[in-house]
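Student: Dumping the structure here so I can ask a few things about it.
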Amino acid sequence: MTSAHLSVINNFMSSLSASSNDLYLLDKQEDIAEHLIKALDKANYRIYIFSRCLNPIFFNNESVLDAVSVTARRSRRSDIKILVEQPQRIVDVNHKLLKLSQRLPSKIAIQRITTEPQDDYEFVIIDNDKIWLQHKQDTYTGFTNYAARPEVKRFEVVFNDLWKNSLEDPRLRRLSL
Numbered sequence: 002m003t004s005a006h007l008s009v010i011n012n013f014m015s016s017l018s019a020s021s022n023d024l025y026l027l028d029k030q031e032d033i034a035e036h037l038i039k040a041l042d043k044a045n046y047r048i049y050i051f052s053r054c055l056n057p058i059f060f061n062n063e064s065v066l067d068a069v070s071v072t073a074r075r076s077r078r079s080d081i082k083i084l085v086e087q088p089q090r091i092v093d094v095n096h097k098l099l100k101l102s103q104r105l106p107s108k109i110a111i112q113r114i115t116t117e118p119q120d121d122y123e124f125v126i127i128d129n130d131k132i133w134l135q136h137k138q139d140t141y142t143g144f145t146n147y148a149a150r151p152e153v154k155r156f157e158v159v160f161n162d163l164w165k166n167s168l169e170d171p172r173l174r175r176l177s178l
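Each residue of the sequence shown is one higher than the one before, counting from 2 in the working numbering.
Structure follows, in structure tokens:
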């Protein structure tokens with residue numbers, strides 16, 4: 002991310018950035034939720050989610066579920082991966098994305114991270130050019146960039162490293178009867 006982007010992001014204004022028509026700075030829970038849905042709705046084939054617990058405020062609703070489901074079913078090359086740190090919290094809330102991943106295991110993979118990321122943020126990579134980021138799990142600041150090819154490449158490296166070291170968690174698998 003450029004220093005211009007960082008300085009604008011640090012102002013935490015929920016508005017269109019002065020430096021880009023595709024960068025939205027978010028500082029309210031409603032804005033973060035709205036832009037997550039907007040970004041997911043634009044997905045064509047790939048969604049990578051890194052979240053500590055798939056915060057139900059943002060991820061456990063019908064709009065997110067529909068966007069992920071449409072992307073998963075759109076094409077054979079659809080690629081949806083979800084990394085979480087706290088699988089038990091997802092199971093406890095009977096999370097909709099967990100249920101969807103259990104119904105579409107060949108399209109949606111969900112795993113538990115085993116290495117702690119360096120930074121305290123959560124993010125979603127959409128296709129090759131969109132990113133949604135929440136700075137900290139318990140704060141409502143972040144950004145969405147709908148034309149973020151360079152940022153996506155950097156975050157994709159982080160995601161792929163975490164994925165490579167992640168594990169399937171029995172709590173996240175569908176139980177066969």
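For each residue, glycine too, the CB sits at the ideal point set by N, CA and C.
Quick caveat: nothing in here was measured; it's all calculated off a predicted structure.
What did DSSP end up calling V94 once you bin it into helix, strand or coil?
Tutor: Reduced to three states, the DSSP call for V94 is coil.
Student: How is V9 classed by DSSP in three states: helix, strand or coil?
Tutor: Its pLDDT being 38, under 50, V9 is placed unreliably by the model, and nothing is read from it.
Student: Between the alpha carbons of N95 and Y25, how many angstroms are there, rounded?
Tutor: Cα to Cα, the separation comes out at about 31 Å.
Student: Please name the residue, chosen from P106, L134, R47, that lies closest to N56 on a Cα-to-Cα basis.
Tutor: Out of P106, L134, R47, L134 has the C-alpha closest to the C-alpha of N56.
Student: Which class does R78 belong to by DSSP, given the choice of helix, strand or coil?
Tutor: It is coil, neither helix nor strand.
Student: Using DSSP with H/G/I as helix, E/B as strand and the rest coil, what is M2?
Tutor: Interpretation of M2 is limited by its pLDDT of 41, a score under 50 that renders its predicted location unreliable; no figure is taken from the coordinates.
Student: Could you check where the alpha helix (DSSP H) with I38 kicks off and where it finishes?
Tutor: Taken as a continuous stretch (DSSP letters only), the alpha helix (DSSP H) holding I38 covers 30–42.
Student: Looking at I38 and A68, is the spacing between their C-beta atoms short of 8 Å?
Tutor: Contact: yes.
Student: Taking L84 and W164 to be in contact with their CB atoms under 8 Å, please state how far apart those CB atoms are, rounded to whole angstroms.
Tutor: 6 Å between Cβ atoms; contact.
Student: Would you mind reading off the limits of the beta strand (DSSP E) that contains R47?
Tutor: Its beta strand (DSSP E) spans residues 47–52.
Student: Taking only the alpha-carbon atoms, compute the straight-line gap between A110 and S76 and give it to the nearest angstrom.
Tutor: The straight-line gap from Cα to Cα measures roughly 16 Å.
Student: Going by beta-carbon coordinates alone, are K137 and D162 separated by less than 8 Å?
Tutor: No, they are not a contact pair.
Student: For T72, which three-state DSSP category applies?
Tutor: Three-state DSSP puts T72 in a helix.
Student: Per DSSP, which one or two residues make a beta bridge with R113?
Tutor: R113 pairs with V85, L168.
Student: From L98 to I127, what distance separates their C-alpha atoms?
Tutor: Cα to Cα, L98 sits roughly 16 Å from I127.
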